[in-house]
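2 protein chains.
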Amino acid sequence: MKKFTNRSLCPISTALDIFGDKWTLLVIRDIIFEGKSSYGEFMQSAEKIATNILADRLGVLEAQELIVKEKAPGKRARHFYHPTQKAIALIPVIAELILWGNKYYPDTYTHPKSLLTDLKTDKTNTIRAYTEKLMANLNHQKEKRKT
Amino acid sequence: MKKFTNRSLCPISTALDIFGDKWTLLVIRDIIFEGKSSYGEFMQSAEKIATNILADRLGVLEAQELIVKEKAPGKRARHFYHPTQKAIALIPVIAELILWGNKYYPDTYTHPKSLLTDLKTDKTNTIRAYTEKLMANLNHQKEKRKT
DNA sequence: ATAATAAACTTGCATTTTGCAAGTAATAAT
DNA sequence: ATTATTACTTGCAAAATGCAAGTTTATTAT
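Written out as structure tokens, the structure is:
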């Protein structure tokens, strides 16, 4: 696993200490915008992450409390990876990244396709909608844990 | 120099292909928020970038047209590195990164210190103010080039 | 009960990137 | 002419990445 060091007390560098690489934010993207939650689903993304890198990044994300790992009920040796509030709070960052990326690389597109058009049309409400939906799931799980 | 490949047509992965590492965005930060413009100034930042990494990243940023390199008039072997519109357009991304970083790592702070409080108080106008100031400089240089 | 299948990793190893120290080239001040 | 400053380049060790293959645990099929 990657070692974790804080290079400075800058909030940008502190954020980059966690996900300043080519892969970590793509896993977050898959979880947040594509609704993916399992190892196999992450492996299927277009960028073709290597299995050892994926395992490492899931470990980092869990250690930094951006995701929680849960045993899937009944289903084989399957696990679910769910976002925490800390990951959900990255939605505005990723939304701005999408807008920037598409502005300067217009051939790019998102999954789902509507995400990009929605962001261009009404950024604030699109971010709010994704955030609220994921926060609701998060509360729903907490409820389950209580019972 | 780092080789450049597009892993997919996702705007996020395309953006990360350029600055998905621990250093590139810090150089952009120095240029945009701290008004730095020379090699020596970048070297002085708290994170202590290695000189070969800095040289590499300045090359990437120039190749990707996020900065332009200019010979400093009269002054030694000095160069200036100025942001292009493409770099200035990253301000919203970095602003959201700052807010996220400080929310989950409250000990962090920005240079200048006012930047963080301004973003918390009025994100939209803070982003606009930084953007307009840098865009004005950019236009001013174009004028100079004409004469 | 046994075998086959599937999901989620782990391991080994070659390649690439990073980090650190030292050296060099071009210009300018003294 | 000598020294200092700025912006690099080079060499090398350490770490991260990428690829292929193997392992583990659990479930389904026979």
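Here the protein sequences line up with chains B and Z, keeping their order.
Start counting the first sequence at 1; every next residue gets the next number (this note's numbering).
Start counting the second sequence at 148; every next residue gets the next number (this note's numbering).
Just so you know, even glycine gets a beta-carbon here, dropped at the ideal spot from N, CA and C.
Cutoff 8 Å: residue i Cβ touching any chain B Cβ
i        : result
Z:Leu201 : no
Z:Gly182 : no
Z:Ala224 : no
Z:Ala193 : yes
Z:Lys150 : no
Z:Ala234 : no
Z:Arg275 : no
Z:Thr161 : yes
Short CB-CB distance (under 8 Å) between residue i and chain Z
i        : result
B:Lys150 : This structure cannot settle anything about residue 150 of chain B, because the visible part of chain B is limited to 1 through 147.
B:Pro112 : no
B:Ile98  : yes
B:Tyr104 : yes
B:Val27  : no
B:Asp107 : yes
B:Leu9   : yes
Cβ neighbours of residue i in the same chain (closer than 7 Å, five flanking residues each side left out)
i        : result
Z:Asn286 : none
Z:Thr264 : none
Z:Asn249 : Thr255, Leu263
Residue i and residue j closer than 8 Å at C-beta
i        : j        : result
Z:Ala234 : Z:Leu266 : no
Z:Val240 : B:Val68  : no
Z:Ala162 : B:Trp23  : no
B:Leu90  : B:Ile28  : yes
B:Tyr81  : B:Leu58  : yes
B:Tyr148 : B:Ile32  : Chain B is shown only over 1 to 147; residue 148 of chain B falls outside these bounds and no answer can be derived.
Z:Gly167 : B:Asp21  : yes
Run of the beta strand (DSSP E) containing residue i, from where it starts to where it stops
i        : result
Z:Glu217 : 214-218
B:Phe80  : 79-83
Residue from the options with nearest C-alpha to residue i
i        : options                                : result
Z:Val230 : Z:Gly167, Z:Asn284, Z:Trp170           : It is Pro, not Val, that sits at residue 230 of chain Z in the sequence shown. The shortest Cα separation from Z:Pro230 among Z:Gly167, Z:Asn284, Z:Trp170 belongs to Z:Asn284.
Z:Asp164 : Z:Leu205, Z:Arg204, Z:Ala210, Z:Asn153 : Z:Asn153
B:Glu47  : B:Leu26, B:Lys71, B:Met135, B:Glu62    : B:Leu26
Z:Ala219 : Z:Asp168, Z:Tyr186, Z:Lys150           : Z:Tyr186
Z:Asp177 : Z:Met190, Z:Phe166, Z:Gly167           : Z:Met190
Z:Lys150 : Z:Glu279, Z:Arg223, Z:Leu281, Z:Val207 : Z:Val207
Z:Leu156 : B:Asn52, B:Tyr104, B:Ser8, B:Cys10     : B:Tyr104
Enclosing alpha helix (DSSP H) for residue i [first to last residue]
i        : result
B:Leu58  : 51-63
B:Phe19  : 11-19
Z:Pro239 : 238-251
B:Gly40  : 39-43
B:Lys113 : 113-121
Close Cβ partners of residue i (< 6 Å) along its chain, the five nearest in sequence each way excluded
i        : result
Z:Glu209 : Lys216
B:Ile127 : Ile91, Pro92, Ala95
Chain-order list of residues whose beta-carbon lies under 8 Å from that of residue i (same chain, five-residue window excluded)
i        : result
Z:His226 : Ser185, Tyr186, Lys216, Glu217, Lys218, Ala219
Z:Ile245 : Thr257, Leu262, Leu263, Leu266
Z:Glu212 : Thr231, Lys233
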